[in-house]
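Colleague:
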Amino acid sequence: MEWAENLLKLSSPYSHSDIESAQRALVKIVHPDAGGSHLAFIDVTKAARILLEKDETLKRSLDATFHGAKSDHPSFSIDALPVEAYEYIFVAANVLGQVADEDPPYSLQVLMNDPQHCWCLVTVVPEAGGSIVSIAVHNADDHQSRSFNIEEIRDTWVSTINEVQLP
């Protein structure tokens with residue numbers, strides 16, 4: 001385990017996201033497509049896996065009830081190309097919660113307040129003159145176990161988008 005911490009340049013205490021960030025940073029350097037070696041890439045992946053498994057073991061040993069991120073990917077269609085569809089989604093996102101990250105016109109991450117407090121990753125894909133919108137829903141509270149009514153969240157997005165009036 002010390003080998004993994006040294007490779008990822010981590011020192012205790014570190015979080016799950018610290019491990020993932022360190023892995024992402026190193027993978028950009030050691031990936032074979034970036035001039036690194038296949039063996040180095042495998043080592044970084046292995047080190048991150050070891051530390052992430054240790055992190056999960058510690059969480060379980062503390063009798064945590066968090067069951068990870070509950071996710072599903074319900075979808076719906078919009079009769080507009082991604083650029084226009086994204087505008088509607090962006091306005092709806094600001095009505096439903098707070099925009100945390102965006103990659104126009106293809107994805108948007110939103111911290112929703114209603115109908116349930118959760119993270120939504122909204123992805124837009126072109127499809128036959130329109131757009132397919134997919135929603136991934138994840139728990140926003142790491143310390144709570146929560147199940148989501150995915151259909152209700154999707155329906156809230158659809159009704160809010162339908163109510164949006166752009167000039």
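The UniProt record's numbering applies: residue 1 is where the sequence shown begins, and numbers increase by one. All C-beta atoms, glycine included, are put in the ideal place defined by N, C-alpha and C.
Which residues in the same chain have their Cβ closer than 6 angstroms to the Cβ of valine 99, if we skip the five residues on either side of it in sequence?
Modeller: Cβ within range, chain order: Ala93 and Val110.
Colleague: Just to confirm the assignment, what range does the alpha helix (DSSP H) spanning asparagine 6 have?
Modeller: Looking at the DSSP string, the run of the alpha helix (DSSP H) that includes asparagine 6 is 2–7.
Colleague: Pull the bridge partners of glutamate 127 from the DSSP assignment, please.
Modeller: The partner list for glutamate 127 (beta bridge, DSSP) reads Gly130.
Colleague: Which residues in the same chain have their Cβ closer than 8 angstroms to the Cβ of valine 44, if we skip the five residues on either side of it in sequence?
Modeller: Here the set comprises Leu7, Leu8, Gln23, Leu26, Val27 and Val30.
Colleague: What did DSSP end up calling leucine 26 once you bin it into helix, strand or coil?
Modeller: It is helical.
Colleague: Going by beta carbon distance, what residues of the same chain come within less than 7 angstroms of proline 32, once the five residues before and after it are set aside?
Modeller: Taken in chain order, the residues that qualify are His38 and Phe41.
Colleague: Give every residue of the same chain whose Cβ lies closer than 6 angstroms to the Cβ of alanine 69, excluding the five residues on either side of it in the sequence, and list them in chain order.
Modeller: Bear in mind that the predicted position of alanine 69 carries a pLDDT of just 46, short of 50, making it too unreliable to give a figure here.
Colleague: Smallest Cα separation from tryptophan 3: which of Phe76, Gly35, Gln165 and Ala48?
Modeller: The candidate whose alpha carbon is nearest that of tryptophan 3 is Ala48.
Colleague: Closest to leucine 52 by C-alpha separation, out of Ser107, Leu10 and Glu87, would be which residue?
Modeller: Nearest of Ser107, Leu10 and Glu87 to leucine 52, Cα basis: Leu10.
Colleague: Do proline 74 and glutamate 151 have their CB atoms nearer than 8 angstroms?
Modeller: Yes, they are a contact pair.
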